[in-house]
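Participant: Letter by letter, the sequence shown follows residues -24 to -1, 1 to 236 in mature numbering (1 follows the signal peptide of the UniProt record, and there is no 0). Using N, Cα and C, we set each Cβ at its ideal position, and we do this for glycine too.
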Amino acid sequence: MITRRSFCKKSLLIAGGLAVPLAALELFDPRKLLAEKDQKGPRWVFLVDTRKCVGCGFCVKGCKVENEVPYDANVTRTWVERYVVTNDGKTHIDSPKGARDGFPEKGIDIGHGKLEEIRDDDIEKAFFVPKLCNQCDNPPCVQVCPVGATYQTADGVVLVDRKWCIGCGYCIMGCPYGVRFFHPVYHVAEKCNFCYHRITKGMQTACVDSCAFGARRVGNLRDPEDPVTKVIMTERVNVLKEEYGTKPQVFYLGLSKEVK
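#1: Nearest to Arg138 by CA position, among Tyr172, His159 and Phe104, is which residue?
#2: Would you report the Cα separation of Asn43 and Glu234, rounded to the nearest angstrom?
#3: Going by the beta-carbon positions, is the gap between Cys117 and Cys168 smaller than 7 Å?
#4: Rounded to whole angstroms, what is the Cα-Cα separation between Glu57 and Gly31?
#5: Taking the straight line between their C-alpha atoms, what separation do you get for Val60 and Lys16?
#6: Please report how far the alpha carbon of Arg76 lies from the alpha carbon of Met209, in whole angstroms.
#7: What three-state label does DSSP hand Pro106 in the structure shown?
#8: I want to know whether the stretch 184 to 201 touches the stretch 86 to 98 - three or more CB-CB distances under 8 Å.
#9: Does the Cβ-Cβ distance between Cys183 and Cys29 come in under 7 Å?
#10: Can the beta-carbon of Arg174 be found less than 7 Å from the beta-carbon of Pro18?
#11: Less than 7 Å between the beta carbons of Pro224 and Val215, yes or no?
#12: Look at the alpha carbon of Phe157 and the alpha carbon of Glu81, and state the distance between them as a whole number of angstroms.
#13: For Leu91, list the residues DSSP reports as bridge partners.
#14: Helix, strand or coil: how does DSSP classify Phe22 here?
#15: Mapping the DSSP letters down to three states, classify Phe157 as helix, strand or coil.
#16: Taking contact to mean 3 or more Cβ pairs, one atom from each stretch, closer than 8 Å, check whether the stretch 96 to 107 and the stretch 131 to 145 are in contact.
#17: Would DSSP call His68 helix, strand or coil?
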């Protein structure tokens, strides 16, 4: 028999089909990771400065080449969104081919080869926002995977084992950020993994290396001297969809209120 108390508790934990533990409703505080003195090794985080992104798409190209995502496929591990806010308060968003080729058209891509033209005089502001897997500290994709193909490492990165993945799609449905997709060649769940094969060898991610404007940076949150850690601890940063309690480890500088 379900009580009113347990019903309310479960209702609170279910948002858009996503169930998360009660502890996840606590907001993610990066300072807690620094306080974990008994923890050894890095804790990988990502920093995106939206004020520096120009929407060139070099990061998307670099990611596709590095991580074997077919270049012409309409899927990618990371992408860039263009936001155009007009004087009437409407927000127009597009990301043609994940912004692999940047934004060559001035009009907003609304799909099916159609563009929505917006007059310059009607634009209040416009900006670009790179997105990628948030490597959640409380990852729902790990919770829903029935075979353990999606798992979280000790240093905070969520990985997918292609040999174990059965392609059920639960992780794709469970991700509130829409970062997962089916790989068109391997037919398994795919997503960004912070270029784990690179960062564990002291290298930068492919998208960081490809960005000529410093809009993307990866760092170790357990190192107080890491430049990325210093920014996260001292400046005003935001995360996406904090209300879901997934505790993202991708932090944003200059994030506008229109970004979801």
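Facilitator: Taking the geometry as given:
#1: His159
#2: 30 Å
#3: Cβ atoms of Cys117 and Cys168: not closer than 7 Å.
#4: 8 Å
#5: When only Cα atoms are considered, Val60 and Lys16 end up about 43 Å apart.
#6: 32 Å
#7: strand
#8: no
#9: no
#10: no
#11: yes
#12: 26 Å
#13: Asp85
#14: In the structure shown, Phe22 falls within a strand segment according to DSSP collapsed to helix, strand and coil.
#15: strand
#16: No, they do not touch.
#17: Three-state result, His68: strand.
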